[in-house]
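**Q** Per this note's numbering, the very first residue in the sequence shown carries number 3; after that it's consecutive.
For glycine and all other residues, C-beta sits at the position ideal for the given N, C-alpha and C.
Take this structure first; my questions come after.
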Amino acid sequence: RAADPLRDTAIKALAKTKWHKTEDDVRRAIPAGISGRPMLRAAPAAGEIENVRVETSVRRKELRIHAEYALRSKAAGLRLQAQVAELDGSTAGLPSASMPVEADARGECVLTARWPRPRLWEVGDPHLYRLSVRLVGPDGLIDEYPPVRFGFREVWTEGKELVMNGHPLRLRLPYFVFSVPEMIFFEGMGFNAMEFQPNLSAWYGAWGLFPAEDTVQAGGALLDAADERGWA
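Encoded structure:
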């Protein structure tokens, strides 16, 4: 719970409602286990890329790629290679990066690439890229992580202003958005931002640790649509 503030807050709040009397009651009532669609991915015996996270900075004009890896090969000359592409697969003029990694080791490395003029993702004007990260050795490809889709954007504060990509960010938040069709409906009325599942009792009480795919706001479809349509 110490590492998960949302879960900790939800349990404390639920213990004060009419449905539960104590925090132990809440914990016993929370469904657990796998609540989404599991995915099995075959990993080569020599090693694998375990996770990839993208960090974009408008102020630094750079892309940082955080890659976690586990190598079980003693071969020398292993490298992580990253390439940014448009969604149609074209790579012309887009950054790439490469870094050697130690054999027979596990860790995380950060690949950094300068990117002076990316097309920025904006609220109301989205643009998405796709990142591929590969682990290669002397004999060729060892592993390739599933492509990561991302927008180049950065949000920060200046005084009381919420700033995105260097300009003030003006958000218009509608009533609770349940689905992609409802988001599009609100979009037609000029709204551009959503609060994603603020209902603590449903999130950790009825639906479990994460909502199942057949429930409201589940499966990632709404977040994907927000990226594609330029919603905050």
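Can the beta-carbon of Glu160 be found less than 8 Å from the beta-carbon of Glu110?
**A** No, the Cβ-Cβ distance between Glu160 and Glu110 is not below 8 Å.
**Q** Hey, would you say Ala48 sits closer than 8 Å to Arg74, going by beta carbons?
**A** yes
**Q** From this set, Thr114, Arg9, Ala17 and Asn167, which residue's C-alpha is nearest Asp127's C-alpha?
**A** Asn167
**Q** Could you spell out where the alpha helix (DSSP H) holding Phe188 opens and where it closes?
**A** Val182 to Glu189
**Q** Can you look up Val135 in the DSSP assignment and give me helix, strand or coil?
**A** strand
**Q** Specify, as a first and last residue, the run of the beta strand (DSSP E) that Leu96 falls within.
**A** From DSSP, Leu96 is part of no beta strand (DSSP E); its letter is neither H nor E.
**Q** For the alpha helix (DSSP H) holding Thr11, just list the boundary residues, first then last.
**A** Pro7 to Leu16
**Q** What's the C-alpha gap between Phe188 and Leu173?
**A** 13 Å
**Q** Just reading off the alpha helix (DSSP H) that Glu25 is part of, what are its end residues?
**A** Glu25 to Ala31
**Q** Report yes if the CB atom of Ala77 is closer than 8 Å to the CB atom of Ala105, and no otherwise.
**A** yes
**Q** Could you tell me which residues DSSP puts in a beta bridge with Leu164?
**A** Thr159
**Q** Using only CA atoms, which one of Pro46, Ala99 and Ala72 lies nearest to Ala87?
**A** Of the candidates Pro46, Ala99 and Ala72, the one whose C-alpha sits nearest the C-alpha of Ala87 is Ala99.
**Q** So which of Asp226, Arg66 and Val165 has the shortest CA-CA distance to Ala115?
**A** Ranking the options by Cα distance to Ala115, first place goes to Arg66.
**Q** I'd like to check one pair, Leu164 with Leu175: are the Cβ atoms closer than 8 Å?
**A** In this structure, Leu175 lies away from Leu164, with their beta-carbon atoms at least 8 Å apart.
**Q** So, helix, strand or coil for Arg174, using DSSP?
**A** Coil, per DSSP.
**Q** Determine whether the beta carbon atoms of His129 and Gly95 lie at a separation below 8 Å.
**A** no
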